[in-house]
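Here the protein sequences come in this chain order: A and B.
Heads up: the first sequence is residues 46 to 342, going by the working numbering.
Heads up: the second sequence is residues 2 to 229, going by the working numbering.
Think of the CB as a built atom: it goes at the ideal place given N, C-alpha and C, for glycine as much as any other residue.
Note that the coordinates shown come from a computational prediction; the quantities given were computed from them, not determined experimentally.
A quick write-up on the structure given underneath.
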Amino acid sequence: MKFRTLLRHFRESFKNIGRNGWMTFASVSAVTVTLTLVGVFLVLMMNLNHIAGNVEKDVEVRAHIDNAANDDDIKAIGKKITEMSGIETVIFSPKDEELTNLIDDLGDNGDAFKPFEQDNPLRDVYIIKTKSPQDVIKVAKKIEGFEYIQSVKYGQGYVEKLFSFVNIARNIGIVLIVGLLFTAMFLISNTIKITIVARRKEIEIMRLVGATNNFIRWPFFLEGLWLGILGSIVPIGLISVLYYNIYKYVAPQITFKFIDFLPASPFIYQISAILIVIGAVIGIWGSLMSVRKFLKV
Amino acid sequence: MIEMIDVKKTYPNGVIAINGLNVKIKPGEFVYVVGPSGAGKSTFIKMMYREEKPTSGNILVNGVSLPSIRNSKVPLFRRNIGMVFQDFKLLQTFTVYENVAFAMEVIEKEPEEIKKRVMEVLDLVGIKHKARMLPSELSGGEQQRVAIARSIVNDPKVVIADEPTGNLDPETSWEIMNIFEEINNRGTTLVMATHNRDIVNNIKRRVIAIESGKIVRDEHRGDYGYEI
Numbered sequence: 046m047k048f049r050t051l052l053r054h055f056r057e058s059f060k061n062i063g064r065n066g067w068m069t070f071a072s073v074s075a076v077t078v079t080l081t082l083v084g085v086f087l088v089l090m091m092n093l094n095h096i097a098g099n100v101e102k103d104v105e106v107r108a109h110i111d112n113a114a115n116d117d118d119i120k121a122i123g124k125k126i127t128e129m130s131g132i133e134t135v136i137f138s139p140k141d142e143e144l145t146n147l148i149d150d151l152g153d154n155g156d157a158f159k160p161f162e163q164d165n166p167l168r169d170v171y172i173i174k175t176k177s178p179q180d181v182i183k184v185a186k187k188i189e190g191f192e193y194i195q196s197v198k199y200g201q202g203y204v205e206k207l208f209s210f211v212n213i214a215r216n217i218g219i220v221l222i223v224g225l226l227f228t229a230m231f232l233i234s235n236t237i238k239i240t241i242v243a244r245r246k247e248i249e250i251m252r253l254v255g256a257t258n259n260f261i262r263w264p265f266f267l268e269g270l271w272l273g274i275l276g277s278i279v280p281i282g283l284i285s286v287l288y289y290n291i292y293k294y295v296a297p298q299i300t301f302k303f304i305d306f307l308p309a310s311p312f313i314y315q316i317s318a319i320l321i322v323i324g325a326v327i328g329i330w331g332s333l334m335s336v337r338k339f340l341k342v
Numbered sequence: 002m003i004e005m006i007d008v009k010k011t012y013p014n015g016v017i018a019i020n021g022l023n024v025k026i027k028p029g030e031f032v033y034v035v036g037p038s039g040a041g042k043s044t045f046i047k048m049m050y051r052e053e054k055p056t057s058g059n060i061l062v063n064g065v066s067l068p069s070i071r072n073s074k075v076p077l078f079r080r081n082i083g084m085v086f087q088d089f090k091l092l093q094t095f096t097v098y099e100n101v102a103f104a105m106e107v108i109e110k111e112p113e114e115i116k117k118r119v120m121e122v123l124d125l126v127g128i129k130h131k132a133r134m135l136p137s138e139l140s141g142g143e144q145q146r147v148a149i150a151r152s153i154v155n156d157p158k159v160v161i162a163d164e165p166t167g168n169l170d171p172e173t174s175w176e177i178m179n180i181f182e183e184i185n186n187r188g189t190t191l192v193m194a195t196h197n198r199d200i201v202n203n204i205k206r207r208v209i210a211i212e213s214g215k216i217v218r219d220e221h222r223g224d225y226g227y228e229i
């Protein structure tokens, strides 16, 4: 195809948007409505996922070291843990520090533990964070088998429940998003289909005067792209403004430990990119699928 | 130019439209195709531009054997013939100019050439002053002029017209026929299916009459031959 012809297709696709004013309006509205829904859900799900991640990140493994271990043994254990796969950080916390922390954490009641400063009943501890929080259980089990490890704590029982809850929540989110996406595809492609069926005569005439299938397809392909992009403008604007304001004014009011929102700055751009891509893909897909029916291939 | 050899056409519903037809049309000829409704005229015409395929036999147009070309190559074949229909078949959302220019755009002509040539043919059919209007703003005769302009814009060797005056009043029909004569005088082969008795009897040309899927009459300067 000549470059000139490609330019012609671009020009033609823009003209068609105007020529088929109401049809364009119908398609763009369908894209707008569904993408707004998809967008709102994406924002909710991604933030929930972020919060779930925060909760998970708080999970850590505490490996208590037997008092019988000497300094070299302790170092050896530290090295062994560091060398395990999937480990993010390993922090050594000597028993003196542990006691200080305990006393500080308990506030006034902490004084009751003061007498133990002379004869500390606590153990030295390795505090381990894994790269993937879901590895915590696996890692804990392994460390339990090491020499001089007296006990391993990671919130047994509680952590398993937390993880299974977070996983279920994530899966439900994914199912919802995928379902919504399919609905969007169905709705948008159907609207586009109706608008193109109205133009089947146009396609027939084009074939009669000698237009090849590709020549006919190109402007439709581009038109679908423009429809998708046009349809994503309102959802992107709406969600960006809303999210920006929520992030700026509402988020600081919430002081609960794990709940914070994804920072507006990269997140708004990410969501916008996702929405525009979904719009464009569905627009092109719907348009090409519909034209296909009328091209005798 | 156009040749049909032992052509038969049976539709899937069992109707035999064309039943063993042989014909030869030479370059530069002007041929009327006449016959009662349902005699097979339309099928005969449609097979010439490969809208219908014969069930058996061969059709040659411009040296191309139509039954054997693939569907995807049909548009390429059609670039060498012009077509005019009873219902004009204009793109309703395109202006007069754009409708005619489209036929040149599909064969990737230079924009300057398109501009020049389109105005030239619009002038030839006498509708240059309405180039920027939409088909819906024109009368039937004017729309048919646009369709004719489109059919000849690429200088085809053959123009096929299926009842081009079917939707027009007598006076407009004569005007359209003048244009067709002009086109034929320039050397373009013209095949025209028609029900218009006056035209056939007054502009005397070769007449092919089709009945029950066969040619029953083929006269050099014939009459319409049917009573209305």
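Which residues in the same chain as Ala40 (chain B) place their Cβ atom closer than 6 Å to its Cβ, once the five residues preceding and following it in sequence are excluded?
Here the set comprises Ile211, Glu212.
Would you check if there are 3 or more beta carbon pairs closer than 8 Å linking the stretch 118–135 of chain B to the stretch 147–166 of chain B?
The stretch 118–135 of chain B vs the stretch 147–166 of chain B: in contact.
I'd like the span of the alpha helix (DSSP H) that includes Ser310 (chain A), first residue to last.
It spans 309–339 - the alpha helix (DSSP H) in which Ser310 (chain A) sits, taken as one unbroken run.
Along chain B, in chain order, which residues have C-beta atoms closer than 7 Å to that of Leu253 (chain A)?
Residues of chain B with a Cβ closer than 7 Å to the Cβ of Leu253 (chain A) are, in chain order, Arg79, Met84, Lys90.
Closest Cβ-Cβ distance between Arg207 (chain B) and chain A: below 8 Å?
So no, Arg207 (chain B) is outside the interface.
In three-state terms, what does DSSP make of Leu226 (chain A)?
Leu226 (chain A) falls in the helix class under three-state DSSP.
Given a threshold of 16 other Cβ atoms within 10 Å of its Cβ, counted over all protein chains shown, does Asn65 (chain A) qualify as buried or as exposed?
Around the CB of Asn65 (chain A), 16 or more other CB atoms lie within 10 Å, so the residue is classed as buried.
At a cut of 8 Å, does the stretch 93–101 of chain A reach the stretch 292–307 of chain A through at least three beta carbon pairs?
Output reads yes: the stretch 292–307 of chain A touches the stretch 93–101 of chain A.
Check whether the Cβ atoms of Val107 (chain B) and Leu123 (chain B) lie closer than 8 Å to each other.
No, the Cβ-Cβ distance between Val107 (chain B) and Leu123 (chain B) is not below 8 Å.
Can you find a C-beta in chain E that's less than 8 Å from the C-beta of Arg262 (chain A)?
Note that chain E does not occur in the displayed structure, where the protein chains are A and B.
Find the residues of chain B that neighbour Thr257 (chain A), judging by a C-beta separation of less than 8 Å, and give them in chain order.
By Cβ distance, chain B contributes Ser73, Pro76, Leu77, Val107.
In chain B, what lies closer than 9 Å to Ile62 (chain A) by C-beta?
The contacting residues do not exist; Ile62 (chain A) stays about 11 Å from chain B at best.
Whole angstroms is fine: what's the gap from Arg222 (chain B)'s alpha carbon to Met251 (chain A)'s?
Between Arg222 (chain B) and Met251 (chain A), the C-alpha separation is close to 36 Å.
Chain A contact for Thr94 (chain B) (CB, 8 Å cutoff)
Contact with chain A is found for Thr94 (chain B), since one of that chain's Cβ atoms lies less than 8 Å from the residue's Cβ.
Would Met46 (chain A) be called buried (16 or more neighbouring beta carbons within 10 Å of its own) or exposed?
The residue is exposed, with fewer than 16 neighbouring Cβ atoms inside 10 Å.
Is the beta carbon of Ile46 (chain B) sitting closer than 8 Å to the one on Ile161 (chain B)?
A Cβ-Cβ contact shorter than 8 Å links Ile46 (chain B) with Ile161 (chain B).
Can you check the stretch 82–135 of chain A for any alpha helix (DSSP H) of at least 4 residues that lies completely inside it and give the ranges in chain order?
Correct list: 116–128.
In chain A, which residues lie less than 8 Å from Phe103 (chain B) when you measure between Cβ atoms?
Contact note: Phe103 (chain B) reaches chain A through Met251, Val254, Ala256, using a C-beta cutoff of 8 Å and chain order.
Leaving out the 5 sequence neighbours to the left and right, which residues in its chain are closer than 6 Å to Tyr199 (chain A) when beta-carbon positions are compared?
So the qualifying residues of the chain are Val106, Val181, Ala185.
Could you round the C-beta distance between Met2 (chain B) and Thr190 (chain B) to whole angstroms and report it? I think they count as a contact, below 8 Å.
With a Cβ gap of about 5 Å, Met2 (chain B) and Thr190 (chain B) count as contacting.
Complete beta strand (DSSP E) runs within the stretch 26–107 of chain B (minimum length 3 residues, chain order)
Complete beta strand (DSSP E) runs here, min 3: 31–35, 57–62, 82–86.
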